[in-house]
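Sequential numbering from 1 applies to the sequence shown in the numbering used here. Quick notes on the structure that follows.
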Amino acid sequence: MKNYPINAIRNIALVGHGSTGKSSLAEAMLYSAGVISRMGRIDDGSSTSDFDQDEIARQMSINAAVLPCEWKKTKINLVDTPGYPDFVGDVVGSLRAVEAAMLVVDGSGNIEVGTETGWDLAEEAGITRLFFVNKLEKENSDFPRTLEALRSKFGTSVAPLQLPIGSEDKFVGVVDLLTHKAYTWANGKISPAEIPADMADQIESMRESLIESVAEMDDSLMEKYFEEGTLADEDIAKGLEIGLTTGKVVPVLCGSAMKMVGVDTLLDFIVSSVPSPAAVPPVESVDGEKRGPEDSFCALVFKTMADPYVGKLTYFRVFSGQIKSDSHIFNANKEREERVGQVYFLLGKNQEATSFVGAGDIGAVAKLQDTSTGDTLCEKSKPI
């Protein structure tokens with residue numbers, strides 16, 4: 001896997017209650033992006049993210065897994081997190097390594113405790129939030145009921161960007177309220193479609209509400225809206241960007257991981273609208289020192305695990321500078337120097353060797369002696 005410039009990286013964690021389909025959604029995204037040639041399954045232990053023997057036996061996520069893919073010349077680091085409260089530590093750590101949290105809910109209309117926990121942790125981390133309503137192909141799934149439950153629980157900042165075409169076993173596509181375009185899927189393949197005539201009035205009404213909401217994000221946009229009665233696509237995108245980064249707009253997208261419906265449009269949205277590491281404020285130390293991407297090396301360890309082949313494996317997110325293979329770094333928490341052997345990019349249980357991992361990206365290194373989760377890594381001459 002190649003290195004990417006920081007503005008061509010997106011880091012997003014999949015969070016939420018257990019059994020909402022986070023790992024299946026990650027699998028569908030990897031498949032759509034061409035990373036894997038067939039979709040693995042949770043129930044037979046073949047999924048990319050749930051590779052630990054306990055995960056396979058229990059058919060549930062226990063560890064956070066890093067799952068990168070490329071979409072439209074952008075690297076998306078998906079971090080699939082556990083949904084059950086026993087493993088919330090991995091969620092906390094993962095949210096420190098990303099710019100956005102995608103809260104995956106099923107279409108039943110029930111908002112469960114894991115969703116509330118994920119919302120609270122993402123809000124505490126100060127990162128962008130969005131919802132993906134999954135499993136809309138299931139019997140008794142109901143998007144309007146689920147949307148109403150989300151708005152009732154989390155407030156009016158929750159705003160739908162898509163509406164489903166069809167329901168339950170007749171769910172076949174989505175309408176994008178931003179672009180006013182419809183898409184359907186057959187056998188996992190996306191095709192442009194006509195907006196169903198019986199949805200036209202509902203779509204127009206909800207699109208108007210969405211435009212009004214994003215206009216409120218900026219005085220100049222509001223002025224344009226009052227003068228012209230609507231906003232151009234680029235103005236809508238600008239308002240949405242402001243709303244996402246401030247948390248005043250929490251978008252809702254929808255689909256079905258199992259039927260591959262809505263996966264391509266979700267990847268499009270992540271690339272176009274989720275903030276890159278370059279678009280957020282520089283990381284700040286406890287004593288107020290700020291480090292931007294071009295400054296000296298600084299990284300956070302967000303997970304440590306035992307790998308059966310390479311031993312202790314340290315997962316890190318680089319905030320500034322870069323970490324190189326065959327080098328030395330400084331653990332600021334332990335005040336100890338560590339020797340770095342080979343650094344890696346990750347894809348589930350697999351590691352791919354690289355010469356360096358740069359600012360904004362996620363990687364791993366094996367056999368650090370004194371480093372543990374939560375530690376800060378930096379240059380010895382420029383500690384932070």
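The C-beta atom is built at its ideal place from N, Cα and C for all residues, glycine as well. From a predicted model like this one, the values you see are computed outputs, not experimental measurements.
Coarse secondary structure for residue i, derived from DSSP in three states
i: Pro277; result: helix
i: Ser296; result: coil
i: Arg145; result: helix
i: Gln369; result: coil
i: Glu335; result: coil
i: Pro5; result: coil
i: Gly40; result: coil
i: Ala28; result: helix
i: Lys349; result: coil
i: Leu326; result: It is Asp, not Leu, that sits at residue 326 in the sequence shown. Looking at Asp326 - three-state DSSP - the assignment turns out to be coil, as it is neither helix nor strand.
i: Glu390; result: Residue 390 lies beyond the residue range present for the chain, which begins at 1 and ends at 384; the question has no answer from this structure.
i: Gln342; result: coil
i: Lys312; result: strand
i: Lys382; result: strand
i: Ala237; result: helix
Residue i, buried or exposed, once every other Cβ within 10 Å from all chains shown has been counted against 16
i: Ala26; result: buried
i: Lys135; result: buried
i: Asp201; result: exposed
i: Val249; result: buried
i: Ala197; result: exposed
i: Thr246; result: exposed
i: Asp186; result: The identity of residue 186 in the sequence shown is Ala, whereas the question assumes Asp. Classification for Ala186: exposed.
i: Tyr309; result: exposed
i: Phe302; result: buried
i: Gln369; result: exposed
Cut-off 6 Å between Cβ atoms - residues of its own chain near residue i, not counting five sequence neighbours on either side
i: Asp307; result: Leu313
i: Met102; result: Ile12, Leu14, Leu130, Phe132
i: Gly118; result: Val15, Gly16, Leu103
Counterpart residues of residue i in DSSP-defined beta bridges
i: Ile195; result: Answer by DSSP bridge pairing: none, since Ile195 is not bridged.
i: Leu78; result: Ile12, Leu67
i: Leu377; result: Ala299, Asn331
Sequence-distant residues of its chain with Cβ nearer than 7 Å to residue i (five each side left out)
i: Thr20; result: Gly83, Val104, Val105, Asp106, Asn134
i: Ile236; result: Leu178, Ile211, Val214
i: Asn7; result: Ser276, Ala278
i: Asn333; result: Asp375, Thr376
i: Gly348; result: Thr48, Ser49, Phe51, Ala65, Leu67
Assumed close pair residue i, residue j - CB separation to whole angstroms, cut-off 8 Å
i: Arg339; j: His328; result: 6 Å
i: Ile362; j: Val66; result: 6 Å
i: Val252; j: Val172; result: So it is not a contact: roughly 19 Å between Cβ atoms.
i: Leu78; j: Met39; result: Contact flag wrong, Cβ pair sits at about 14 Å.
i: Glu241; j: Ser285; result: With 8 Å as the limit, Glu241 and Ser285 do not qualify as a contact, their Cβ atoms being about 27 Å apart.
Contacting residues, own chain, Cβ-Cβ under 8 Å from residue i (five flanking each side not counted)
i: Leu221; result: Val214, Ala215, Leu231, Asp235, Lys238, Gly239
i: Thr388; result: Nothing about residue 388 can be read from this structure; the chain reaches only from 1 to 384.
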